[in-house]
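Chemist: There's a structure below that I have some questions on.
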Amino acid sequence: MSNSPPLDFAPPRYFLSLGAGPNQVPLIHAARRLGYEVIAVDQDLRAPGFSEATIQVQCSILRPGQIIRLLDENLVEGQIVGVGCRSFGRANLSAALLSRHFATPGLRRSNLRFFRNKRLLKRHLEKNGLRGPRSYRWRSEGERDHLAASKGPWVARPVNGHGKLGVALLHDQDELTYYLEKQGADRGQALLEDYIQAPEITVMGMVHGGRFRTITITDKVTSQEEPLFVELKHSCPTHISMPMQKRVSELMQKIVDATRLMTGPIVAEFLWPDPSKDPLLVECFPETGGELLADELLPAAYDQQNYFEDFVRLHTGEIPVGVPTPQRPAHRVIIRFIAQREGLLEELTFPEEIQEHPGFLFARYLKRPGERTSLTGGNNDRLAVFALRAPLAESSHLDSEVESLARRVKIRYARP
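My numbering numbers the first residue of the sequence shown as 304 and each following residue consecutively.
Below is the structure:
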């Protein structure tokens, strides 16, 4: 008896998911909907994405060599046609190495080298015509004199940080001097810029064949008091005009060209202090970004937008079908985070009225009573998040309704 497969047998085509945690589950679901089998890699056997995957690999996603060895030893038939990861930093590097090994579309190590250091990236992008807030160096005596002559305030942040961790606002020369002395030999690990208070936007897009396509532009509000620079609110559609949106897309293409990105997602943040001039680039990353924008805001605002299916298509060599040019969404959507305080959380309760709102989308606790939070914990220590939406024609009061509900979230901390 022959052991040959039937003539109509098609070897399985696998999408390799780096991670199987909650954030990765939408990507796994999207791959399954598009007809791919899924190989999920995670250290945690309890990761929820494992139950959705065809093959489970228990391994750190930061060890691409071991992942390759395990797959080479155990994958009997089929082909890996795409690699996807929603994380950042070293996880993105791992995805790039695996994508190269399996010859699938995606980021390459040569792309990621541009994004390893925010200060070096800023310098590189400025040479390619992208402005940001004025930055300072302080290695030489001349550089220190130039910095001493500036008025401030200044923003200092790690050159390789995420999630607003380690960001400091320096109000005067005394605070600046103290910060620089504390840096000491590690001064190369900080980026120092002018502090600019201005409207902020977040841009999400995808790069296919070296061409950038905007998915959405949202308005962003960050805290201007402790905890500083924590992201509090994202809203769609953006307030900026269509010509401005097109200009932002042109600037994003400049980033893509300067960093030689060919395939993958990209997210960027801009400040816009002067509407008559180009916005100022704050930072950009070749990743999906967070803040529930892809998971919740996009489908709620655009109704049929499925970011994750296009992400899978992009990383398997298909042409993404749902990536629109900047367009007006069907609904106004606001995602509102509740910032933390310092100490031991004793009580956290949403107001009952929040679920009674006709545009209620979700309300989630990010921290629980008994947990400690810190003013220096950045976005990671925020307490809760909720979202509302309304048809565009009926959305004039949505901002005030969101803020009213945010003020009524009951928060109590233990006394020091």
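Quick reminder that beta carbons are idealized off the backbone N, C-alpha and C, glycines included.
Rounded to whole angstroms, what is the Cα-Cα separation between residue 426 and residue 465?
Modeler: Numbered from its first residue, the sequence shown carries residue 426 at position 123. Numbered from its first residue, the sequence shown carries residue 465 at position 162. Each residue's alpha carbon lies about 19 Å from the other.
Chemist: So residue 469 packs on residue 569, CB below 8 Å; how close in whole Å?
Modeler: Residue 469 sits at position 166 when you count from the first residue of the sequence shown. Residue 569 sits at position 266 when you count from the first residue of the sequence shown. Actually they are not in contact, since the Cβ atoms of residue 469 and residue 569 sit about 23 Å apart, beyond 8 Å.
Chemist: Does residue 696 come out as helix, strand or coil in the three-state DSSP assignment?
Modeler: Here residue 696 refers to the residue found at position 393 when the sequence shown is read from its first residue. In this structure, residue 696 counts as helix in the three-state DSSP scheme.
Chemist: Which residue spans inside the stretch 407-448 form an unbroken alpha helix (DSSP H) run of at least 4?
Modeler: 412-415, 421-430
Chemist: Residue 562 by DSSP, collapsed to three states: which one?
Modeler: As a position in the sequence shown, residue 562 is number 259, starting the count at 1. Note: residue 562 maps to helix in three-state DSSP.
Chemist: Measure the C-alpha to C-alpha separation of residue 711 and residue 644 and round it to an integer number of angstroms.
Modeler: Numbered from its first residue, the sequence shown carries residue 711 at position 408. Numbered from its first residue, the sequence shown carries residue 644 at position 341. Distance between the alpha carbons of residue 711 and residue 644: 16 Å.
Chemist: Who are the near neighbours of residue 533 in its chain, counting only those whose CB is closer than 7 Å to its CB and skipping five residues on each side?
Modeler: Residue 533 sits at position 230 when you count from the first residue of the sequence shown. Answer for residue 533: 467, 525, 526, 642, 681, 682, 685, listed in chain order.
Chemist: Do residue 562 and residue 424 have their C-beta atoms within less than 9 Å of each other?
Modeler: Counted from its first residue, the sequence shown places residue 562 at position 259. Counted from its first residue, the sequence shown places residue 424 at position 121. Cβ atoms of residue 562 and residue 424: closer than 9 Å.
Chemist: Determine the extent of the beta strand (DSSP E) in which residue 685 is found, giving its start and end residues.
Modeler: Numbered from its first residue, the sequence shown carries residue 685 at position 382. Looking at the DSSP string, residue 685 is not in any beta strand (DSSP E), and its letter there is neither H nor E.
Chemist: List in chain order: all unbroken beta strand (DSSP E) runs of 3+ residues lying wholly within the stretch 313-364.
Modeler: 316-321, 340-345, 358-361
Chemist: Where residue 497 and residue 536 are concerned, what is the direct C-alpha to C-alpha distance, given to the nearest angstrom?
Modeler: Within the sequence shown, residue 497 is the residue found at index 194, counting from 1. Within the sequence shown, residue 536 is the residue found at index 233, counting from 1. Rounded to the nearest angstrom, the two C-alpha atoms are 23 Å apart.
Chemist: What do you get for residue 707, buried or exposed, if any count of 16 or more other CB atoms within 10 angstroms of its CB means buried?
Modeler: As a working mapping, residue 707 is identified with position 404 in the sequence shown. Result: exposed.
Chemist: Could you give the C-beta distance for residue 690 and residue 636, rounded to a whole number, given that I count them as a contact under 8 Å?
Modeler: Reading the sequence shown from its first residue, position 387 is the one you call residue 690. Reading the sequence shown from its first residue, position 333 is the one you call residue 636. About 7 Å; that satisfies the 8 Å criterion.
Chemist: So for residue 482, helix, strand or coil by DSSP?
Modeler: On the sequence shown, residue 482 is found 179 positions in, with the first residue counted as 1. Here residue 482 carries a helix assignment [DSSP, helix/strand/coil].
Chemist: Which residues does DSSP pair with residue 382 in a beta bridge?
Modeler: Within the sequence shown, the letter at position 79 stands for residue 382. Bridge partners of residue 382: 316.
Chemist: Would you please state the rounded distance, in angstroms, between the beta carbons of residue 696 and residue 669? I believe it to be under 8 Å.
Modeler: The residue given as residue 696 occupies position 393 in the sequence shown. The residue given as residue 669 occupies position 366 in the sequence shown. Actually they do not touch by this definition, with Cβ atoms about 32 Å apart.
Chemist: Can you tell me whether DSSP reads residue 495 as helix, strand or coil?
Modeler: The residue you call residue 495 lines up with position 192 of the sequence shown. Correct three-state label for residue 495: strand.
Chemist: Taking 9 Å as the threshold (C-beta atoms), are residue 584 and residue 409 in contact?
Modeler: As a working mapping, residue 409 is identified with position 106 in the sequence shown. As a working mapping, residue 584 is identified with position 281 in the sequence shown. Taking 9 Å as the Cβ cut-off, residue 409 and residue 584 do not qualify as a contacting pair.
Chemist: When DSSP labels each residue in this structure, what does residue 368 get in the three-state scheme?
Modeler: In the sequence shown, counting from the first residue as 1, residue 368 sits at position 65. Here residue 368 sits in helix by DSSP.
Chemist: Among the candidates 501, 356, 471, 520, whose CA atom is the shortest distance from the CA of residue 530?
Modeler: Working through the sequence shown from its first residue, we reach residue 530 at position 227. With distances taken between Cα atoms, residue 530 lies closest to 471.
Chemist: Tell me residue 536's beta-bridge partners as DSSP assigns them.
Modeler: Here residue 536 refers to the residue found at position 233 when the sequence shown is read from its first residue. Answer by DSSP bridge pairing, in chain order: 524, 639.
Chemist: By alpha-carbon positions, which one of 575, 378, 512, 571 ends up nearest to residue 596?
Modeler: Taking the first residue of the sequence shown as 1, we reach residue 596 at position 293. Measuring from the Cα of residue 596, the nearest candidate turns out to be 571.
Chemist: Could I get the ranges of all uninterrupted alpha helix (DSSP H) runs contained in the stretch 538-602, with 4 residues as the minimum, in chain order?
Modeler: 545-562
Chemist: Relative to the C-alpha of residue 713, which residue among 692, 662, 648, 702 is closest?
Modeler: The residue given as residue 713 occupies position 410 in the sequence shown. Among 692, 662, 648, 702, the Cα nearest to that of residue 713 is on 648.
Chemist: For residue 652, is the classification buried or exposed, using 16 other Cβ atoms within 10 angstroms of its Cβ as the cut-off for buried?
Modeler: Counted from its first residue, the sequence shown places residue 652 at position 349. Around the C-beta of residue 652, fewer than 16 other C-beta atoms lie within 10 Å, and the residue is accordingly described as exposed.
Chemist: Three Cβ pairs or more, each shorter than 8 Å: is that satisfied between the stretch 603-622 and the stretch 317-335?
Modeler: Three or more beta-carbon pairs separated by less than 8 Å link the stretch 603-622 to the stretch 317-335, which places the two stretches in contact.
Chemist: Taking only beta-carbon positions, decide if residue 583 is within less than 9 Å of chain B.
Modeler: This model lacks chain B altogether, as it is built from one protein chain only.
Chemist: Use the C-beta contact count for residue 620: other C-beta atoms within 10 angstroms, 16 or more gives buried, fewer gives exposed.
Modeler: Residue 620 sits at position 317 when you count from the first residue of the sequence shown. Label assigned to residue 620: exposed.
Chemist: State the start and end residues of the unbroken alpha helix (DSSP H) segment that holds residue 611.
Modeler: Here residue 611 corresponds to residue number 308 of the sequence shown, with the count starting at 1. Here the alpha helix (DSSP H) through residue 611 covers 610-618.
Chemist: Under the three-state reduction of DSSP, which class applies to residue 674: helix, strand or coil?
Modeler: In the sequence shown, counting from the first residue as 1, residue 674 sits at position 371. Note: residue 674 maps to coil in three-state DSSP.
Chemist: Round the Cβ separation of residue 367 and residue 325 to the nearest angstrom and send it over; I've been treating them as touching at under 8 Å.
Modeler: By 1-based counting over the sequence shown, the position of residue 367 is 64. By 1-based counting over the sequence shown, the position of residue 325 is 22. About 23 Å; that fails the 8 Å criterion.
Chemist: Which term fits residue 321, buried or exposed, when burial requires 16 or more other beta carbons within 10 angstroms of its beta carbon?
Modeler: Within the sequence shown, the letter at position 18 stands for residue 321. The residue is buried, with at least 16 neighbouring Cβ atoms inside 10 Å.
Chemist: I believe residue 605 touches residue 632 by the beta-carbon criterion, under 8 Å. Please report the beta-carbon distance rounded to the nearest angstrom.
Modeler: The residue given as residue 605 occupies position 302 in the sequence shown. The residue given as residue 632 occupies position 329 in the sequence shown. Rounded, the Cβ-Cβ distance is 5 Å, consistent with contact.
Chemist: According to DSSP, simplified to helix, strand and coil, what is residue 399?
Modeler: Counting from 1 along the sequence shown, the entry for residue 399 is found at position 96. Three-state DSSP puts residue 399 in a helix.
Chemist: Indicate whether residue 574 and residue 655 have their beta-carbon atoms separated by less than 9 Å.
Modeler: Indexing the sequence shown from 1 puts residue 574 at position 271. Indexing the sequence shown from 1 puts residue 655 at position 352. Not a contact, by the Cβ cut-off of 9 Å.
Chemist: Could you check the C-alpha separation between residue 638 and residue 602 for me, to the nearest Å?
Modeler: Position 335 of the sequence shown, counted from the start, is the residue given in the question as residue 638. Position 299 of the sequence shown, counted from the start, is the residue given in the question as residue 602. In this structure, the CA atom of residue 638 is about 13 Å from the CA atom of residue 602.
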